[in-house]
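Have a look at the structure below, then the notes.
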Amino acid sequence: MAYDDQNIFAKILRNEIPAIKVYEDERVLAFMDIMPQAEGHTLVIPKAQAVTLLDLNAEDAAYTIQVVQKVARAIEKALDAKGIVLMQLSGEAAGQTVPHVHFHLVPSSIQAMRNHAAEMGDMEKIKANAEKIKAAL
Ligand code: AMP
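Residue numbers (our numbering): 44 to 180.
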């Protein structure tokens with residue numbers, strides 16, 4: 044699928060719009076979801092231009108999942124998470140709303156998670172969770 048470089052995560056990667064970042068290196072960025080499905084909902088995205096997991100090259104896929112694991116460990120430690128849902132939606136048909144591949148880390152359970160991309164979170168709480176996760180990284 045053709046990559047639209049005006050999508051919201053592409054703008055975050057170019058620092059054209061703000062994000063509450065918790066981790067960044069040359070290949071990957073992790074930041075807080077602003078419509079969290081649970082406290083501490085974090086997104087991990089490769090910087091490579093890919094719409095879905097199916098479009099992502101194997102090297103970036105492998106590297107990104109290592110960062111997903113690193114951030115998941117930090118979330119567990121920072122928020123005393125008893126469980127973390129790892130979610131990846133590939134394609135509009137799956138419910139994907141932002142066309143840049145990303146991994147959701149939701150410290151919750153599949154039964155208790157709030158609805159997807161439904162309601163803006165409390166920005167002060169989100170920032171406080173980000174500080175805790177950063178400190179645990
Ligand atoms: P998906 O539907 O899997 O593409 O997920 C997109 C996610 O991005 C949703 O959970 C949204 O809440 C989240 N989101 C949308 N815009 C932003 C933004 N500007 N900053 C952080 N998260 C966002």
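Quick reminder that beta carbons are idealized off the backbone N, C-alpha and C, glycines included. Note that the structure is a prediction, hence the values are computed from the model and not measured.
Is it the case that the CB of residue i approaches a heavy atom of ligand 1 more closely than 6 Å?
| i | result |
| --- | --- |
| M9 | Coverage of the chain is limited to positions 44 through 180, which leaves residue 9 absent and any answer about it impossible. |
| A115 | no |
| T85 | no |
| T140 | yes |
| A160 | yes |
| I176 | no |
| I51 | yes |
| L132 | yes |
Among residues of its own chain, excluding the 5 on either side of residue i, which ones have a beta-carbon nearer than 7 Å to its beta-carbon?
| i | result |
| --- | --- |
| I63 | F74, M75, I169, K170, A173 |
| A53 | H143 |
| A91 | L99, N100, D103 |
| G164 | I77, M78, P79 |
| H145 | F52, L86, V87, I88 |
Which residues share a DSSP beta bridge with residue i?
| i | result |
| --- | --- |
| A73 | Y66, V87 |
| L180 | L180 is not bridged to any residue. |
| V149 | V128 |
Within a Cβ cutoff of 6 Å, which residues of the same chain sit near residue i, ignoring the five residues on either side of it in sequence?
| i | result |
| --- | --- |
| V149 | Q80, A81, H84, V128, M156 |
| V71 | P89, T107, V110 |
| A124 | I118, P150 |
| A121 | K175, I176, A179 |
| M130 | H147 |
Would you say residue i lies against chain C (beta-carbon separation less than 7 Å)?
| i | result |
| --- | --- |
| H159 | The structure shown has no chain C; it contains just one protein chain. |
Tell me which residues share the same chain as residue i and place their Cβ nearer than 8 Å to its Cβ, disregarding the 5 neighbours each side in the sequence.
| i | result |
| --- | --- |
| V65 | A73, F74, M75, T85, V114, A117, A173, I176, K177, L180 |
| I126 | For clarity, residue 126 is Gly in the given sequence; the question names Ile instead. For G126, where only same-chain residues beyond five positions count, the Cβ hits under 8 Å are P150, S151, S152. |
| Q112 | none |
Ranges of the alpha helix (DSSP H) found wholly within the stretch 89-128, counting only runs of at least 4: Counting whole runs of 4 or more residues, the stretch 89-128 contains the alpha helix (DSSP H) stretches 101-122.
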